[in-house]
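Residue numbers (my numbering): 17 to 433.
Heads up, the beta-carbon is just placed ideally off N, CA and C, and yes, glycines get one too.
In this text the structure is predicted, and so the values were computed from the model without any measurement.
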């Protein structure tokens with residue numbers, strides 16, 4: 017039986033593709049009840065699934081609308097064809113197959129098939145024929161298992177954030193009522209400083225309560241806590257012991273930052289790279305720095321679709337680097353006579369024409385048996401050669417520059433020719 021993986025045990029590349037596919041599938045809405053979702057757990061009997069699908073084809077003959085009946089039966093046959101094409105060899109966690117008419121024009125058919133490899137093992141065999149694809153069970157798999165807690169603070173404000181994977185999220189920002197430094201002399205200045213200290217202590221207490229409120233319920237999932245801020249204020253804050261003692265045990269660093277707003281959180285992440293070395297955000301920045309360094313010295317790196325695909329075929333890729341924003345699709349075309357498979361990449365603004373397709377080997381008719389995300393397809397090719405894969409977000413400046421400057425496809429090579 018497949019072992020239950022925690023989310024942090026799933027590779028960031030697989031996770032990025034998983035999220036992208038879920039978002040795409042949620043965007044499809046059928047004009048009628050003709051979108052099919054089939055969940056197949058890893059140890060499911062082949063005959064059970066095939067018999068069910070054939071029975072659904074028989075049952076669909078009762079659908080009154082000829083167009084809907086045709087679309088439902090076409091989707092069911094596409095699923096059967098796909099499962100036969102892979103010889104019912106299921107991935108370790110099972111597979112979810114989606115098929116149906118996704119055309120936005122009433123009366124026109126555009127029956128497409130998509131698959132998702134779950135990031136955790138499927139528990140039950142499920143089937144729906146509905147006006148939307150069912151992905152809720154898959155979305156539940158995205159609950160994070162662990163994260164880093166971050167805080168920047170001075171006497172004027174505090175910002176609290178959490179770092180999950182590649183992304184930080186601000187969960188709280190608040191300002192204090194601590195007055196500025198007094199320039200008055202004499203007794204009034206001493207009294208002013210005492211009031212200012214009381215206001216600071218009250219603000220620290222409030223900040224600690226807010227921090228505890230955000231993170232105490234999730235303390236078992238926190239990998240580490242980093243506190244930042246200018247000067248000695250952050251140290252005074254820690255000395256007040258206002259953070260829950262169980263959370264305080266998880267503090268892995270107190271770092272100098274110039275700011276305490278969201279810019280301070282960004283600065284805190286950058287300056288804590290060694291402390292946060294296990295976070296995906298730091299790993300992403302490091303791999304891009306290595307890639308750009310190799311490109312700059314004309315070393316062990318290449319970029320571009322054709323160049324990277326060729327080096328994968330040659331087995332020279334050590335690390336595939338690909339942007340999660342690449343929207344291309346890959347169509348698997350299978351010959352009905354000789355079973356020859358070919359693949360065609362369709363980029364944005366291009367249209368795939370499924371009209372009178374012929375096999376390049378025997379000239380027999382071929383059909384589209386699977387539609388895949390280009391990232392997923394290229395990842396699989398790279399993994400089959402033993403390459404590591406890194407999927408890069410565009411939510412950081414480095415990731416955005418990689419997408420815009422290098423087309424979002426690059427590779428660090430094992431050797432040059």
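(request) Write down every uninterrupted run of the alpha helix (DSSP H) in the segment 92 to 168 whose length is 4 residues or greater and which is fully enclosed by it, in chain order. (result) 152 to 155
(message) Does residue 53 pass the burial test, meaning 16 or more other C-beta atoms within 10 Å, or should it be called exposed?
(response) buried
(message) Let's see if you can read the secondary structure: which residues bound the alpha helix (DSSP H) around residue 296?
(response) 296 to 312
(request) Evaluate the contact criterion for the segment 273 to 282 versus the segment 255 to 262: three or more CB pairs, one atom per stretch, below 8 Å. (result) no
(message) From the DSSP secondary-structure annotation, give me the bridge partner or partners of residue 346.
(response) 361 and 388
(request) Following the continuous beta strand (DSSP E) through residue 239, name the residue where it begins and the one where it ends. (result) 238 to 245
(request) Within the same chain, show all residues whose beta-carbon is closer than 8 Å to that of residue 41, passing over the 5 residues directly before and after it, in chain order. (result) 114, 130, 132, 149 and 151
(request) Count the other CB atoms, across all protein chains shown, that sit within 10 Å of the CB of residue 179; report buried if there are 16 or more and exposed otherwise. (result) buried
(request) Can you tell me which of 44, 271, 251 and 335 puts its alpha carbon nearest to the alpha carbon of residue 401? (result) 335
(request) In the DSSP assignment, find the unbroken alpha helix (DSSP H) run with residue 255 in it and report its ends. (result) 249 to 255
(request) Report yes if the CB atom of residue 362 is closer than 8 Å to the CB atom of residue 345, and no otherwise. (result) yes
(request) Kindly indicate which three-state DSSP category residue 21 falls into: helix, strand or coil? (result) The pLDDT assigned to residue 21 is 44, lower than 50, so where the model puts this residue is not dependable, and the model offers no usable value.
(request) Could you check the C-alpha separation between residue 250 and residue 135 for me, to the nearest Å? (result) 40 Å
(request) Work out the CA separation of residue 60 and residue 81 for me, nearest whole Å. (result) 33 Å
(request) Verify whether the separation of the beta carbon atoms of residue 316 and residue 323 is less than 8 Å. (result) no
(request) May I have the straight-line CA-CA distance separating residue 271 from residue 366, to the nearest angstrom? (result) 49 Å
(message) Using only the alpha-carbon positions, how far apart do residue 71 and residue 83 sit?
(response) 19 Å
(request) Please report the residue range of the alpha helix (DSSP H) in which residue 62 lies. (result) 62 to 76
(request) Please report the residue range of the alpha helix (DSSP H) in which residue 187 lies. (result) Taken as a continuous stretch (DSSP letters only), residue 187 belongs to no alpha helix (DSSP H), being part of the beta strand (DSSP E) at 183 to 191.
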